[in-house]
Amino acid sequence: MANEYLEGLYWYVVHTYSGYENKVKINIEKSIQNLHLEDQIQDVLVPTEEVQEVKNGRKRTIQRKLFPGYVILHMVMNDETWYVVRNTRGVTGFVGPESKPVPLSEDELAPFGIDTDGNPKEEGNQKTIFTIDVEPGDAVTIANGVWEGRDGVVRSVDNEKGVLSVGIDMFGREQEVEVDFTDVRKV
Numbered sequence: 285m286a287n288e289y290l291e292g293l294y295w296y297v298v299h300t301y302s303g304y305e306n307k308v309k310i311n312i313e314k315s316i317q318n319l320h321l322e323d324q325i326q327d328v329l330v331p332t333e334e335v336q337e338v339k340n341g342r343k344r345t346i347q348r349k350l351f352p353g354y355v356i357l358h359m360v361m362n363d364e365t366w367y368v369v370r371n372t373r374g375v376t377g378f379v380g381p382e383s384k385p386v387p388l389s390e391d392e393l394a395p396f397g398i399d400t401d402g403n404p405k406e407e408g409n410q411k412t413i414f415t416i417d418v419e420p421g422d423a424v425t426i427a428n429g430v431w432e433g434r435d436g437v438v439r440s441v442d443n444e445k446g447v448l449s450v451g452i453d454m455f456g457r458e459q460e461v462e463v464d465f466t467d468v469r470k471v
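The sequence shown begins at 285 in the numbering used here and counts up one residue at a time.
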């Protein structure tokens with residue numbers, strides 16, 4: 285990475301309107317091509333993570349933005365590149381004091397999915413996280429498995445494992461059981 289700093293190639297962050305991250309990325313990439321700035325703006329990233337989402341008992345994989353409202357750029361900062369990026373529709377400014385672009389340090393690159401050599405990590409290498417539209421205290425019905433047909437109350441949610449701890453009535457008292465996200469329905 286030290287060589288890149290000597291050449292003036294740094295990673296910068298721009299703030300965008302919420303939901304415009306991918307549009308900003310596409311528009312900057314078009315400007316790079318049209319103005320032949322490939323050697324000055326080398327990467328435009330919208331860091332994402334793969335998430336397993338469970339809604340109504342159905343599991344699906346989605347790409348979730350790690351930092352909504354931000355786009356990461358690997359670029360040489362000069363008047364031309366600053367102007368191109370800053371005047372891209374949806375960009376509100378560079379991240380830095382008084383909107384003055386400040387390059388990211390090596391430590392700051394890690395959360396953006398960029399390795400210590402300054403290269404973006406390949407997509408899909410990120411940790412899978414599960415999400416479900418229930419939270420502790422919600423009433424659920426177990427739809428599959430050993431406890432099928434029983435009603436219970438969610439006691440805890442483990443997004444890393446994709447399981448819930450559900451309190452069900454068994455032998456006159458509450459017993460906690462572990463149930464996969466896909467095996468419950470919100471009541």
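Even glycine gets a Cβ: it sits at the ideal position worked out from N, Cα and C. Nothing here was measured: the structure is a model prediction, and the numbers come from that model.
Which residue comes first and which comes last in the alpha helix (DSSP H) that contains residue i?
i	result
V368	D363 to R370
Taking the beta strand (DSSP E) that residue i falls in, what are its first and last residues?
i	result
E390	Looking at the DSSP string, E390 is not in any beta strand (DSSP E); the run it does join, the alpha helix (DSSP H), is E390 to L393.
K307	Note, K307: premise wrong, no beta strand (DSSP E); alpha helix (DSSP H) at E305 to L319.
T300	L293 to T300
L357	Y354 to V360
Q347	R342 to K349
Nearest to residue i by alpha carbon, out of the options?
i	options	result
K445	I398, D422, P395 and V463	V463
A427	I416, F465 and D391	F465
Q336	E419, V447 and Y354	V447
N311	P352, R370 and G456	R370
V338	H320, W431 and E419	E419
T415	G421, W366, A423 and R348	R348
N318	V368, V430 and R469	V368
M454	V468, V430 and S315	V430
V468	D442, G456, R434 and W366	R434
K343	S449, E334 and A423	E334
A394	L350, G421, A423 and T376	L350
S389	D442, H358 and I316	H358
Quick one: what's got a C-beta closer than 7 Å to residue i's C-beta in the same chain, skipping five residues either side?
i	result
I356	W295, V297, L329, P331 and F396
D252	Residue 252 is absent from the structure shown; the chain starts at 285 and stops at 471.
E432	I426
G408	Only weak support is given to the placement of G408: the predicted model assigns it a pLDDT of 43, under 50, and the question is left unresolved by the model.
I'd like the list of long-range same chain contacts for residue i, defined as Cβ closer than 6 Å, with 5 residues on each side in sequence excluded.
i	result
G451	G436, V437, R439, E458 and E460
G374	T300, Y301, Y304, K307 and V308
V386	G380
G292	V360
I346	V335 and E337
Who are the near neighbours of residue i in its chain, counting only those whose CB is closer than 8 Å to its CB and skipping five residues on each side?
i	result
G353	H299, T300, Y301, S302 and E305
E313	V328
A286	Unreliable positioning characterises A286 in this predicted model, as indicated by a pLDDT of 44, which lies under 50. The coordinate reading is nonetheless provided below. Counting only Cβ-Cβ distances below 8 Å, and skipping sequence neighbours, we find nothing.
Fill in: Stretch pair the segment 319–334 + the segment 348–363: three plus CB contacts closer than 8 Å
The segment 319–334 vs the segment 348–363: in contact.
Worksheet entry | beta strand (DSSP E) runs wholly inside the segment 408–462, at least 3 long, in chain order | DSSP runs (the beta strand (DSSP E)) wholly in the segment 408–462: 413–416, 423–426, 435–442 and 447–454.
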